[in-house]
Amino acid sequence: MKFFALLLLLAAAPAGARDRPVDIRLFSLHRISSVNLEADNGGVFCGDRLLKGHARITAKGASLFLDGALKAGPAKTLKIYSHGGLWLSGPGLPRRRYTGDLVFSIAKNRLKIINSVPLEAYIAGVVTGEAGDLSHPEAYKAQAVAARTYIVKHLKNHLGEGYNLCDSTHCQLYSGLGAISPKARDASAATRGEFLLYKGQPASTFYHSICGGRTEDMTYVWPYEHKPYLISVRDGLPGKPYCSIAPRFGWKTKLYYTGLTRLARQAGWILPDEQAGGLRISAWGPSGRAHQLEIYTQRRRVKVSATDFYHGIGRRAGWQAVRSSFFKILSGKDYVMLDGVGNGHGVGMCQWGAEGMARKGFKYRDILRHYYPGTELGYD
Ligand SMILES: [Zn+2]
Ligand SMILES: [Zn+2]
Numbered sequence: 197m198k199f200f201a202l203l204l205l206l207a208a209a210p211a212g213a214r215d216r217p218v219d220i221r222l223f224s225l226h227r228i229s230s231v232n233l234e235a236d237n238g239g240v241f242c243g244d245r246l247l248k249g250h251a252r253i254t255a256k257g258a259s260l261f262l263d264g265a266l267k268a269g270p271a272k273t274l275k276i277y278s279h280g281g282l283w284l285s286g287p288g289l290p291r292r293r294y295t296g297d298l299v300f301s302i303a304k305n306r307l308k309i310i311n312s313v314p315l316e317a318y319i320a321g322v323v324t325g326e327a328g329d330l331s332h333p334e335a336y337k338a339q340a341v342a343a344r345t346y347i348v349k350h351l352k353n354h355l356g357e358g359y360n361l362c363d364s365t366h367c368q369l370y371s372g373l374g375a376i377s378p379k380a381r382d383a384s385a386a387t388r389g390e391f392l393l394y395k396g397q398p399a400s401t402f403y404h405s406i407c408g409g410r411t412e413d414m415t416y417v418w419p420y421e422h423k424p425y426l427i428s429v430r431d432g433l434p435g436k437p438y439c440s441i442a443p444r445f446g447w448k449t450k451l452y453y454t455g456l457t458r459l460a461r462q463a464g465w466i467l468p469d470e471q472a473g474g475l476r477i478s479a480w481g482p483s484g485r486a487h488q489l490e491i492y493t494q495r496r497r498v499k500v501s502a503t504d505f506y507h508g509i510g511r512r513a514g515w516q517a518v519r520s521s522f523f524k525i526l527s528g529k530d531y532v533m534l535d536g537v538g539n540g541h542g543v544g545m546c547q548w549g550a551e552g553m554a555r556k557g558f559k560y561r562d563i564l565r566h567y568y569p570g571t572e573l574g575y576d
C-alpha cells in the first residue's frame, strides 16, 4: 500500500519539481552605469572565457565594456555565467551575491542587469527577506509555499520589459543569495515544487505581517474580483489570536489636525484652503477594519477609502505611523488618536499568526488551509 502511495507521489512530482529559471531585474531601483564583479571561487564565464578575480562592466554611451583580466567590448549585451557565485557591487550599490546567468545591457542610458536564477534558489532568497522575524520551521514552510505560489502568479509582471520580476517590493524583495538563512533554505527544499492551488490553479497568496486577530476579505481592501479563499478568517481564539505573540501587536498613533491637514492636502483628499478638523470611520469590513473614513473640513465631509488612507499616510509619514486599517479613533481637542492592532493589509496569511500556529503544533499544510480556506497543496 505504502509502495503505491509513493508511486503516486512520484508520478505527481516531476512537473512542479523541475527547477525552472526566473528572470529577475537586479538593482531595479538604482540608476547605475557601472558594476564590479567578483568571482566567488572561479567558474565565472563570459562566453566561453573564464573570468578570474575582479572585473568591471561599464556602460559608455550605447555600448558596454568589460575590463579586468578578461576584456570585452564594445558590446550591446554581455552575458556572464556563474555556477559558483558572483558578487556584484558598485558606487551606491549594496554588495550582493548571485548565481546563474547574468545578462547586462543598456536601457534608458542605464545599466540593466537581468539574472536568470533557478526558481528554488530565488525562493530561498525571498523567504530569507520576508520571514526574517519568524523562527518556527513550519511557519517558514508555509511562507515558502506562499512565496512560490505568489511568484508563479506574477511571472508576467514585467514581461513587456523583457524579464519576469523586479527585485524591489513592487514584486517581491530579493537581495541575492549572499545571506540565505538556513531556515529559509531548508523550508524551500522541504516544500520543493509545492504550490497552493484553488480548483487546480495557483492561488493568489497575499500575505502580511500581523492581522491583529482577524484577516480581511480581499474585496474590502482592493477592488479585485472576489476570491472564495481570500475571505475574513478569525485568527485563533477571540482575545488571544495566534499573532498575539508578535512584538508590537498593538499600536497607538496621535495625529494632530495640523499634520493630518498637511498629509490630506498632499494626498489630494482635501483642497489647499481646507483644514482637517475631524476624522471618523464611516464603514467597516467583516474583520472590523476600517473600510471607509471621513475627514471633516470647515465645509464638508470627505470620504477616503481606508486602503487609500493607509497607503497615503504610509508613503508620506512612514509605514510605522498607521500600521494597519484595524483601529479605533479617539478624538481629542486638536488631534485624533488611532488605537490599532496589526501590521499590513490584512489579506491572506498572517505571518505572525503562522508562527503562532506552528508553535502550537500545527503543520504548514494546516496553516495554509487556515488562512486560504478551500485551497490545497499540489504541484503546478
Ligand atoms: Zn516589479
Ligand atoms: Zn494574525
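Here my numbering is used: the first residue of the sequence shown is 197, the next is one more, and so on. Even for Gly, the Cβ is constructed at its ideal location relative to N, Cα and C.
- For histidine 404 and arginine 565, the gap between their C-alpha atoms comes out near 16 Å.
- The C-beta of serine 520 has 16 or more other C-beta atoms within 10 Å across all chains shown, which makes the residue buried.
- With a cut-off of 7 Å, the C-beta of aspartate 431 is classified as near ligand 2, since at least one heavy atom of the ligand falls inside that distance.
- With fewer than 16 other Cβ atoms from the protein chains shown falling within 10 Å of its own Cβ, proline 378 counts as exposed.
- Counting only residues of its own chain and dropping the five nearest sequence neighbours on each side, isoleucine 276 has a CB closer than 6 Å to the CB of Cys242, Leu298.
- In the assembly as shown, lysine 448 is an exposed residue. Its beta-carbon has fewer than 16 other beta-carbons within 10 Å.
- Bounds of the alpha helix (DSSP H) holding leucine 459 are 453-462.
- In its chain, beyond the 5 residues on either side, Tyr452, Tyr453 have a beta carbon closer than 7 Å to the beta carbon of aspartate 530.
- DSSP places lysine 349 in the uninterrupted alpha helix (DSSP H) bounded by 333-349.
- If you look at alanine 550, you'll find it in the alpha helix (DSSP H) that goes 547-555.
- In this structure, the C-beta of asparagine 353 approaches ligand 1 to less than 7 Å from one of its heavy atoms.
- Residue nearest to aspartate 215 within the set Glu234, Ser384, Leu426 is Ser384 (criterion: CA-CA distance).
- Counting C-beta pairs closer than 8 Å gives fewer than three between the segment 248-261 and the segment 350-367, which falls short of the contact rule.
- Between ligand 1 and the CB of histidine 279, the shortest heavy atom gap is not smaller than 7 Å.
- Between phenylalanine 522 and arginine 485, the C-beta gap is smaller than 8 Å, which places the two residues in contact.
- Between the segment 331-348 and the segment 360-368 there are three or more C-beta pairs closer than 8 Å, enough to call the two in contact.
- Collapsing the DSSP output to three states places isoleucine 477 in a strand.
- Histidine 250 is bridged by DSSP to Glu234.
- At least one heavy atom of ligand 2 lies closer than 7 Å to the C-beta of glycine 549.
- Between valine 341 and tyrosine 560, the C-beta gap is smaller than 8 Å, which places the two residues in contact.
- Within the same chain, and ignoring the five residues on either side of asparagine 232 in sequence, the residues whose Cβ sits closer than 6 Å to its Cβ are Arg252, Ser285, Gly286.
- In the structure shown, arginine 245 falls within a strand segment according to DSSP collapsed to helix, strand and coil.
- For the set Glu470, Leu307, Gly540, the Cα lying nearest the Cα of lysine 272 is the one of Leu307.
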